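In terms of mature numbering (1 follows the signal peptide of the UniProt record, and there is no 0), the sequence shown is residues -26 to -1, 1 to 219. In what follows, a structure is listed as structure tokens, so that the remarks can point back to it.
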Amino acid sequence: MKKFGSLFLATAILAGITLAPAVSFAADGGEYDTNGVITFTPNNGTTDPVDPVDPTNPVKPVDPTDPSGPKPGTTGPLSIDYASSLDFGSQKITSKDEIYKAKAQKYLDKDNVEQTGPNFVQVTDNRGTEKGWTLQMKQNSQFTTADADELTGAEITFKNGNVVTASDSEKPTGQATIVADPSGDLKNVMSAKDGQGAGTYLLDWGTDAATAAESIELSVPGSTTKYAKKYSTTFTWVLSDTPGN
């Protein structure tokens, strides 16, 4: 009986220890809240060109008309970062109507490897307002030689225009087709409405090297007199803070 009583008492004590409620202790020093803040301001610097196929990567475009180029883009916060120059190659003189294609854009990628992709124009809006903008382009004159011989009737058409971006802001509208006017009339290229276009945007002509080589055309009438000389023209790209419609 004595042994039985001792076993019962030990069991009862063990059960009491096991069933005892846990005790919660509050921190003696209390609680204290702090804040985190960040302020963004407009970026007045220049923005480097990016890959026309993968706009998350920076590139160094090759200017086919200027071995020392391209020239830097305009300063921010609303800027034209780059626009391709066009090379239609060396062509044989003919008396037939002809269409010549601009060569695709060459550029050095982030690993300094030469790539080929669409010709493009790039715009950046770092104002931090999402108030919209408008990009236009004009051809300043007809193709001429250094001796002022004019390539009468020649016309450039930009085709397969598509907007490319890595930004989460709503995309601006890009013109799918643009026919340049050698008399200098401004042509709409890309425009962002209020609430659109914050960040960097490219209007590519084509989607890759193959389509790029078919996307910008120079048509020349067969009746036009052609001299065995180099012909050239220039373009001006105009960016304003006027929102698109």
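Cβ coordinates follow ideal geometry from the N, Cα and C atoms, glycine included. Small disclaimer: the values here were computed from a predicted structure and weren't measured.
### Query
If you scan the region 181 to 205 from start to end, which runs of the alpha helix (DSSP H) of 4 or more residues do you find wholly inside it?
Secondary structure in the region 181 to 205: the alpha helix (DSSP H) runs of 4 residues or longer, each lying completely within the stretch, are 183 to 186 in chain order.
### Task
With DSSP collapsed to three states, give me the class of Tyr6.
Reduced to three states, the DSSP call for Tyr6 is coil.
### Message
Which residue marks the beginning of the beta strand (DSSP E) containing Asn162, and which one marks its end?
### Response
Boundaries of the beta strand (DSSP E) around Asn162: 161 to 166.
### Query
Can you tell which of Gly4, Pro195, Thr20, Phe209 has the C-alpha that lies nearest to the C-alpha of Arg101?
Between Arg101 and the set Gly4, Pro195, Thr20, Phe209, the nearest pair of CA atoms involves Thr20.
### Asn18 versus Val137 - alpha carbon distance
About 24 Å.
### Task
With a cut-off of 8 Å on the beta carbons, I'd call Glu144 and Gln170 a contact; round off their distance for me.
With a Cβ gap of about 4 Å, Glu144 and Gln170 count as contacting.
### Query
Taking Cβ positions, are Ser58 and Asn93 nearer each other than 7 Å?
The answer is yes: Cβ separation under 7 Å.
### Task
Assign Lys45 to one of two classes, buried (16 or more other C-beta atoms within 10 Å of its C-beta) or exposed (fewer than that).
With fewer than 16 other Cβ atoms within 10 Å, it is exposed.
### Outcome for Lys66 when other beta-carbon atoms lying within 10 angstroms are tallied against a minimum of 16
Label assigned to Lys66: exposed.
### Message
Just to confirm before moving on: does the CB-CB distance between Trp179 and Ile54 stay below 7 Å?
### Response
The answer is no: Cβ separation not under 7 Å.
### Query
Comparing alpha-carbon positions, which option in Pro23, Gly4, Val27, Pro29 lies nearest Thr48?
Proximity to Thr48 across Pro23, Gly4, Val27, Pro29 peaks at Pro23, based on C-alpha coordinates.
### Query
Looking only at DSSP bridge pairs, what is Asp37 linked to?
In the DSSP output, where bridge partners are listed per residue, Asp37 has none listed.
### Which of helix, strand or coil DSSP assigns to Ser53
Ser53: strand per DSSP, three-state reduction.
### Task
Quick one: measure Cβ to Cβ for Ala76 and Ile190, integer angstroms, because I've assumed they're closer than 8 Å.
Contact flag correct, Cβ pair sits at about 4 Å.
### Query
Using the C-alpha atoms, what's the distance from Gly50 back to Ala184?
Cα to Cα, Ala184 sits roughly 33 Å from Gly50.
### Spatial neighbours of Gln110 in its chain, beta-carbon cut-off 7 Å, leaving aside the 5 residues before and after
Residues of the same chain with a CB within less than 7 Å of the CB of Gln110, apart from the 5 flanking positions on each side, are Leu160, Lys161, Asn162, Val163, Val212 in chain order.
### Message
Am I right that Ile73 and Ser193 are in contact with their C-beta atoms under 8 Å? What's the rounded C-beta distance?
### Response
About 5 Å separates the two Cβ atoms, so the contact holds.
### Query
With 16 as the cutoff for other CB atoms within 10 Å, does Phe14 come out buried or exposed?
Its Cβ having fewer than 16 others within 10 Å, Phe14 is exposed.
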